[in-house]
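Number of protein chains: 2
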Amino acid sequence: MNRNLTEDRPTFVTHLECSLTGERYEADQLHGLSRAGRPLLVRYDLEALGRAVSRDTIAARETDLWRWRELLPVRRTTSIVSLGEIETPLVPIPRSGGGSVLVKDEGRLPTGSFKARGLVMAVAMARELGVTRIAMPTNGNAGAALAAYAARCGIETVILCPEETPEVNVREIAAQGARVWRVNGQIDECGAIVGRGAAEGRWFDFSTLKEPYRIEGKKTMGLELAAQLGWELPDAIFYPTGGGTGLIGMWKAFDEMERLGWIGAKRPRMYAVQASGCAPIVRAFEAGEEHAERWEDAATVAAGIRVPKAVGDFLILRAVRESGGAALAVGDPAILKAVEDCAKKDGLLLCPEGGATLAAYKQAVRDNLVDEDERVVLFNCATGLKYPMPEAGQWLDKNAAIDLAAL
Amino acid sequence: MNRNLTEDRPTFVTHLECSLTGERYEADQLHGLSRAGRPLLVRYDLEALGRAVSRDTIAARETDLWRWRELLPVRRTTSIVSLGEIETPLVPIPRSGGGSVLVKDEGRLPTGSFKARGLVMAVAMARELGVTRIAMPTNGNAGAALAAYAARCGIETVILCPEETPEVNVREIAAQGARVWRVNGQIDECGAIVGRGAAEGRWFDFSTLKEPYRIEGKKTMGLELAAQLGWELPDAIFYPTGGGTGLIGMWKAFDEMERLGWIGAKRPRMYAVQASGCAPIVRAFEAGEEHAERWEDAATVAAGIRVPKAVGDFLILRAVRESGGAALAVGDPAILKAVEDCAKKDGLLLCPEGGATLAAYKQAVRDNLVDEDERVVLFNCATGLKYPMPEAGQWLDKNAAIDLAAL
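Going down the list, the sequences are from chains A and B. Just so we're aligned, residue 1 is where the first sequence starts under UniProt numbering, counting upward by one. Just so we're aligned, residue 1 is where the second sequence starts under UniProt numbering, counting upward by one.
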């Protein structure tokens, strides 16, 4: 059996700090945002960590997310709530993407999306710190992951979804034992309701980046990429960006790995991909702003990136700029075309947000932001099976004369 | 990158043989059923294989399906068509199943089902042997896997589905580039049409067990189980049984591993699980028959096991009996209840066929076939996300006064 889930291992968290002001916060206590209203980041004693663990230690372990235990915040083995967080595969898409494009297929994780990475960590920490009731606003997949992990350890969950949340998500959230509501608004408006309840002490607020541990879970995308690519990061990463936790998390992972001497100074150019119908980060990037204003009347087929206002906006923009990347918007028709293309030509069914990264990549090649020979990783953040597909299947009558040549 | 997909490795196939008569057939040629109308089994030079590869060799490799290359029929590395066939996790379900039950979650494979194992192998061999057009009858998931792998290497596919095939399957088959038809009949009636076309030379027939290589792919379920459980097989396996390729394949894998000295003589009791509305194997098992008659008016919510007549019936029955197991039928209400239970209590959304194995396990415990302390593995053959879930999500008006205590 998987020893990552059963063996006790040393932990190295020293404290947390405000991502804006650097103000220090104690570890092993329940935290939301910092006093400055910004996300908290977990800090580790990387020197001690480097003495305890090497790349070889990691390589010798089972490959799931918990192989990175020493780089994660969970103190007690018994806090771990696992549904099998496998290392997701890198799948080439030579026909629809080109010869140097790999898709990191995050749809293979529990509940079918990369949200499992963040939520498995946040739920373990909530359990470790004694939380018994959690609420969260979600465009769907995060709520599904929260519901599943919380169900597994008996934490009660209240989940608020914008009205345009994919039907499958609302249903799976309920199936996995959560109380789920549909709200006539966007995700930040759902978040406001969650915030009011949290202020009244009714539940703990699990909104994106409003608790410090989801980012640590999402960080494992960066750790895995390095391990899978022989500790050599790709030239560019295209990441579908709503709240941006994963992009921020990977950037943090790269920094930690460099300090550990596990990778060099080379960084991928980070491309934050948004939909034209909801592109606050792209607008702020192009205007040279440090923060992004709320995007009004947000609308896109890619629900996961329909986030009008991100609390970690400045962290996303900082990572994108430091990396020499960009924030890119693609329209819904290009998104749907990319999904269709990849399925038809490479047999890989992307989610719309994953389709957005492929569309943005093609656009970036056309605009000479990326060279076709560069090693590129696209993030397919959920299984395409969750999303509506075109009707298909003509009828054939077994009792009639069948023209086999026409099949 | 994954060296299982790039390194050349020795192969050990010596020949194929008829599963009924033992008649010998040449390797490296295109084969359907044997002259006796029965499935062909692939045979290896296990002595040479054992000299070339050990359990340690396997353990040192990436953990995906292709780590077992020497035990598989594909000769040329370039024949491999991969979408990332990861080793699927074993997930405990302590609340809904009990403390000694593990679910092998096959929904994590490409196209969301265990059918990927068989089809990735069959397509690689079809490619190796020069096939350019394939047809297949399918209750859904096999067709989706075939479509995806065939799309990836430019093989044309024609897929025939019974009218009650889940909608999502018909759509994903088409999305992945196949020609898909709905037929007013059961899977064996679709198979008859495919057979006629094959006889006319219009395509190669990929029906369950009618080509010899899907079983070799499915065999990897048994190989993985052994490796994951420290080369000690579980006490019992509950397997959702339609065509039965996986059960037959695992049984073959156990035999090959014992001959290699990788496992001992201990075998799990194999429980073939069917739905009460389509239980030909159960009926034959109970009547002491060697073959199973066609089940008329087949009907169950678990489409994957709605197989009225299996060409490998005698192989399934033989393995079940040799193992000291049984064939068990469960009703649709018990199946749906098991799916609901596992999602609500353990956060794991099973497919109906996976639910059937949980329902059958509970029944077997009640009937004293299985002791609660025994190590049991249930096969969840596809992601539960493919199947309809109950409606959920009450409306909440953001503009009204919200009673937070009621959420």
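Idealized CB from N, CA, C, for every residue including glycine. Keep in mind that this is a model prediction, so the values were computed, not measured.
Per DSSP, reduced to three states, the secondary structure at phenylalanine 379 of chain B is strand. Valine 273 of chain B: member of the beta strand (DSSP E) spanning 269-275, first to last residue.
Following the DSSP letters along the chain, one finds alanine 145 of chain B inside the alpha helix (DSSP H) bounded by residues 141-153.
Valine 180 of chain A belongs to the set of residues whose beta carbon lies under 8 Å from a beta carbon in chain B.
Listed in chain order, the beta strand (DSSP E) runs fully inside the segment 99-127 of chain B are 101-105, counting runs of at least 3 residues.
Under a 10 Å Cβ-count criterion, alanine 174 of chain B is classified as buried, with 16 or more other Cβ atoms of the shown protein chains found around its own Cβ.
Between alanine 27 of chain B and glycine 112 of chain B, the alpha-carbon positions lie close to 31 Å from each other.
For phenylalanine 206 of chain A, there is no enclosing beta strand (DSSP E), since its DSSP letter is neither H nor E. Contact note: valine 158 of chain B reaches chain A through Leu407, using a C-beta cutoff of 8 Å and chain order. Contact of arginine 171 of chain A with chain B by beta-carbon distance below 9 Å involves Pro388, Met389, Pro390, Glu391, Ala392, Gly393. When rounded, the separation of the alpha-carbon atoms in arginine 24 of chain B and leucine 30 of chain B is 14 Å. Ranked by Cα distance from isoleucine 281 of chain B, the options B:Ala253, B:Lys252, B:Met250, B:Gly243 are led by B:Gly243. Interface with chain B (8 Å Cβ-Cβ cutoff): alanine 124 of chain A is excluded. For isoleucine 305 of chain B against glutamate 340 of chain B, the beta-carbon gap comes to about 19 Å, at or over 8 Å, which does not count as contact.
Taking the CA atoms as reference points, valine 120 of chain B sits about 22 Å from threonine 165 of chain B.
Assignment of leucine 404 of chain B by DSSP, reduced to helix, strand and coil, places it in the helix class.
Below 8 Å, enough C-beta pairs join the segment 374-382 of chain A and the segment 344-363 of chain A to call them touching: three or more. Nearest neighbour of glutamate 85 of chain A by Cα position, chosen from A:Ile134, A:Ile155, A:Leu109, A:Phe285, turns out to be A:Leu109. Under the Cβ criterion of 8 Å, lysine 344 of chain B is counted among the residues facing chain A.
Glycine 230 of chain A counts as exposed, since fewer than 16 other C-beta atoms from the protein chains shown sit within 10 angstroms of its C-beta. Leucine 396 of chain B is bridged by DSSP to A:Val183.
For the segment 260-274 of chain A, the beta-carbon criterion of a distance under 7 Å to any beta-carbon of chain B is satisfied by none of its residues. Of the candidates A:Ala319, A:Gly331, A:Arg55, A:Arg55 places its Cα closest to the Cα of glycine 261 of chain A.
For glycine 331 of chain B, the CB contacts under 7 Å within the same chain, skipping 5 residues up- and downstream, are Ser276 in chain order.
Taking a Cβ-Cβ cut-off of 8 Å, leucine 33 of chain A has no neighbours in chain B, whose nearest Cβ is about 20 Å from it. Here the alpha carbon of glycine 32 of chain A sits roughly 17 Å from the alpha carbon of glycine 249 of chain A.
Within the segment 347-368 of chain B, Gly347, Leu348, Leu349 place their CB atoms closer than 7 Å to a CB of chain A, listed in sequence order.
Chain B has no Cβ within less than 8 Å of the Cβ of threonine 78 of chain A. Rounded to the nearest whole angstrom, the CA to CA distance from glutamate 47 of chain A to arginine 69 of chain A is 16 Å.
The beta carbon of tryptophan 295 of chain B sits closer than 8 Å to the beta carbons of Cys278, Ala279, Pro280, Arg283, Pro308, Lys309 from its chain, once the five residues preceding and following it are set aside; these are given in chain order. Note on asparagine 399 of chain A: under 16 other CB atoms within 10 angstroms of its CB, so exposed under the neighbour-count rule. The residue from B:Ala364, B:Gly143, B:Leu129, B:Arg171 with its alpha-carbon nearest to that of tyrosine 271 of chain B is B:Ala364. For alanine 329 of chain A, the enclosing beta strand (DSSP E) begins and ends at 326-330. Nearest C-alpha to glycine 37 of chain B among B:Gly246, B:Leu209, B:Arg214, B:Gln394: B:Leu209. Look at proline 89 of chain A: its C-beta is under 8 Å from a C-beta on chain B. Around alanine 326 of chain A, the same chain offers Tyr271, Phe285, Val320, Leu369 as residues with beta carbons nearer than 7 Å, after the five sequence neighbours per side are excluded.
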